[in-house]
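S.K.:
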Amino acid sequence: MPGDARSMRAGADVGLRARCGPAWGFCENVASTIKIKEPQLKRYEIHLQPGQSSMQCREFVPGELGEHQVAVAIKAVSFNYRDLLASDNTYFVPIAPGRVPCSDGAGEVVAVGSGVSAFKPGDRVATTFFPDWKSGPADAASLSRALGAEIDGALTERFVADQSELIGIPDTLSFAEAATLPCAGVTAWNALHEAGSLKPGQTVLLLGTGGVSIAGLQFAKAAGARVIITSSSDAKLERARQLGADHGINYRRHVDWEQEVMRITEGRGADVILEVGGPGTLERSLRCVRVGGRIAYIGVLTGMAAQANPVMLIPKVASIHGIFVGSRAMFAAMLDAIRCHGIKPVIDREYAFDEVPAAIECMRSATHFGKLVARVGH
Ligand SMILES: NC(=O)c1ccc[n+]([C@@H]2O[C@H](COP(=O)([O-])OP(=O)(O)OC[C@H]3O[C@@H](n4cnc5c(N)ncnc54)[C@H](OP(=O)(O)O)[C@@H]3O)[C@@H](O)[C@H]2O)c1
5 MPGDARSMRA GADVGLRARC GPAWGFCENV ASTIKIKEPQ LKRYEIHLQP
55 GQSSMQCREF VPGELGEHQV AVAIKAVSFN YRDLLASDNT YFVPIAPGRV
105 PCSDGAGEVV AVGSGVSAFK PGDRVATTFF PDWKSGPADA ASLSRALGAE
155 IDGALTERFV ADQSELIGIP DTLSFAEAAT LPCAGVTAWN ALHEAGSLKP
205 GQTVLLLGTG GVSIAGLQFA KAAGARVIIT SSSDAKLERA RQLGADHGIN
255 YRRHVDWEQE VMRITEGRGA DVILEVGGPG TLERSLRCVR VGGRIAYIGV
305 LTGMAAQANP VMLIPKVASI HGIFVGSRAM FAAMLDAIRC HGIKPVIDRE
355 YAFDEVPAAI ECMRSATHFG KLVARVGH
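With this note's numbering applied, the sequence shown corresponds to residues 5 to 382, in that order.
(1) If contacts are defined as beta-carbon pairs under 8 Å, then T132 and R332 qualify, I think. What distance do you get, rounded to the angstrom?
(2) Could you check how far apart the C-beta atoms of V321 and V295 are, in whole angstroms? I think they sit under 8 Å.
(3) Are the Cβ atoms of L69 and A115 separated by less than 8 Å?
(4) Does the beta-carbon of Y85, which I'm using as the reference point, lie nearer than 7 Å to any heavy atom of ligand 1?
(5) Which class does Q73 belong to by DSSP, given the choice of helix, strand or coil?
(6) Consider the C-beta atom of S107 and the heavy atoms of ligand 1; say whether any pair is separated by less than 7 Å.
(7) Going by beta carbon distance, what residues of the same chain come within less than 8 Å of A165, once the five residues before and after it are set aside?
(8) In the DSSP assignment, the alpha helix (DSSP H) including R288 goes from what residue to what residue?
(9) Would DSSP call F83 helix, strand or coil?
(10) Excluding the 5 residues flanking H51 on each side, which residues of the same chain have their C-beta closer than 7 Å to its C-beta?
(11) Would you list the one or two residues that DSSP bridges to A274?
(12) Taking buried to mean at least 16 other C-beta atoms within 10 Å of its own C-beta, is Q311 buried or exposed?
(13) Beta carbon of S235: closer than 7 Å to some heavy atom of ligand 1?
(14) Between G152 and P98, is the Cβ-Cβ spacing less than 8 Å?
(15) Please confirm whether any heavy atom of ligand 1 lies closer than 7 Å to the CB of S139.
(16) Heavy atom of ligand 1 less than 7 Å from the Cβ of F328, yes or no?
(17) Applying the criterion that 16 or more other CB atoms from any shown protein chain within 10 Å of the CB defines a buried residue, is H197 buried or exposed?
(18) With burial defined as no fewer than 16 other Cβ atoms inside 10 Å of the residue's Cβ, what is the status of G55: buried or exposed?
(19) Does the beta-carbon of L392, which I'm using as the reference point, lie nearer than 7 Å to any heavy atom of ligand 1?
(20) How is E354 classed by DSSP in three states: helix, strand or coil?
(21) Shorter than 7 Å, the distance from the beta carbon of Y85 to the closest heavy atom of ligand 3, or not?
(22) Starting from T234, trace the beta strand (DSSP E) both ways and give me its first and last residue.
(23) With a threshold of 7 Å, establish whether the CB of M367 neighbours any heavy atom of ligand 1.
(24) Is Y48 near ligand 1, in the sense that its beta carbon is under 7 Å from a heavy atom of that ligand?
(25) For V350, I'd like the list of residues in its chain whose CB is within less than 6 Å of its CB, leaving aside the five on either flank, ordered along the chain.
(26) According to DSSP, is D156 part of a helix, a strand, or is it coil?
So, in structure tokens, the structure goes:
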């Protein structure tokens with residue numbers, strides 16, 4: 005509640021717990037009185053500026069907590085391809101100037117409003133991509149607000165959200181590992197287990213070794229599936245094999261990689277395909293999906309133009325299902341599987357908070373394997 009003793013208003017409880025230090029501002033003696041300065045919290049904002057990164061680090065003062073709100077000291081944020089698109093302002097949602105980017109954060113609760121029952125200070129939580137998509141099928145309302153696009157995201161030292169918009173994270177995961185999950189993890193989970201109805205023994209095809217595909221690899225193997233993965237790089241394929249991939253195809257060497265998929269599956273095709281490419285890859289996915297198989301249409305790595313002919317779906321009796329991340333309930337189911345199977349998300353590189361523009365450029369170069377993460381508030 006605004007004004008409540010548990011309010012996170014800057015410096016409100018400094019006297020009680022002597023929270024004097026970099027994270028909470030500092031105290032200084034001035035003519036025998038103690039003056040308490042506001043904490044110097046930082047966040048990134050998107051400001052398009054020619055010739056330099058649009059990811060600008062700015063100081064800010066957080067507002068008061070609402071009755072049902074939770075304040076989180078974000079410890080780690082992971083990057084998704086959409087964050088690169090947002091920073092270039094080529095995401096399909098226009099990004100308002102000053103928008104705080106990124107959907108995927110994890111951290112520690114530092115204050116709660118008077119009506120909060122789900123969390124207490126010290127709890128470890130992650131953000132949810134669509135705060136209004138709790139469970140069940142999506143509708144327009146549940147997709148109307150996404151972090152880092154229509155509303156401010158997680159690339160901030162202090163994130164405030166309604167208690168229903170956060171989710172507790174397992175103790176087995178570091179903050180950095182948990183921060184990889186809200187977008188890429190939930191997307192892969194949704195594609196395999198909701199849209200894909202994956203069964204043990206079925207064959208999953210993954211394209212490339214980015215965040216969605218590597219999460220998909222881990223979840224598919226945990227579900228007892230056979231995994232075929234493509235990559236531009238033999239070294240990345242070897243890393244994928246070490247994570248359990250059964251077959252790797254270098255799509256640079258095998259331009260017609262769908263023929264390799266058909267060969268490996270002895271002419272049957274893949275049961276579930278996580279299609280993260282788009283033009284140029286979707287046509288090939290249509291050729292190597294099995295009769296009755298499912299293509300989860302996820303990504304735009306090769307662009308947004310449509311080229312594939314959907315008539316190919318008829319003789320395949322196959323389906324293409326659009327995926328837009330997933331609900332909080334899917335996130336919870338995925339966390340259960342992560343706990344049960346001891347899955348550890350794959351982080352390629354961790355960056356300091358002031359290195360965010362470098363992380364975005366690494367994503368542009370597509371040299372990573374799995375996820376890129378920034379540490380926050382260290
Ligand atoms: N619909 C949704 O809800 C949703 C959610 C998350 C992501 N996405 C989209 O899904 C796509 C993947 O996201 P991400 O976060 O996993 O991206 P990412 O981590 O940036 O993935 C990049 C990797 O994809 C591979 N790649 C690049 N171009 C490729 C191509 N032409 N064919 C096959 N692989 C290619 C490369 O791996 P190799 O070097 O190994 O080839 C690259 O390292 C993006 O378009 C993103 O916007 C959509």
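No residue lacks a Cβ here, since even glycine has one placed at the ideal position from N, Cα and C.
M.R.: Concretely, from the data shown:
(1) 5 Å
(2) 6 Å
(3) yes
(4) yes
(5) strand
(6) no
(7) Q73, V74, V76, T131 and P135
(8) L286 to C292
(9) coil
(10) S58, Q60, P101 and G102
(11) V293
(12) exposed
(13) yes
(14) no
(15) no
(16) yes
(17) buried
(18) exposed
(19) Residue numbering for the chain in the displayed model covers 5 to 382; residue 392 lies beyond these limits and cannot be assessed.
(20) strand
(21) This structure simply doesn't include ligand 3; it includes ligand 1 instead.
(22) R230 to S235
(23) yes
(24) no
(25) I218 and G374
(26) coil
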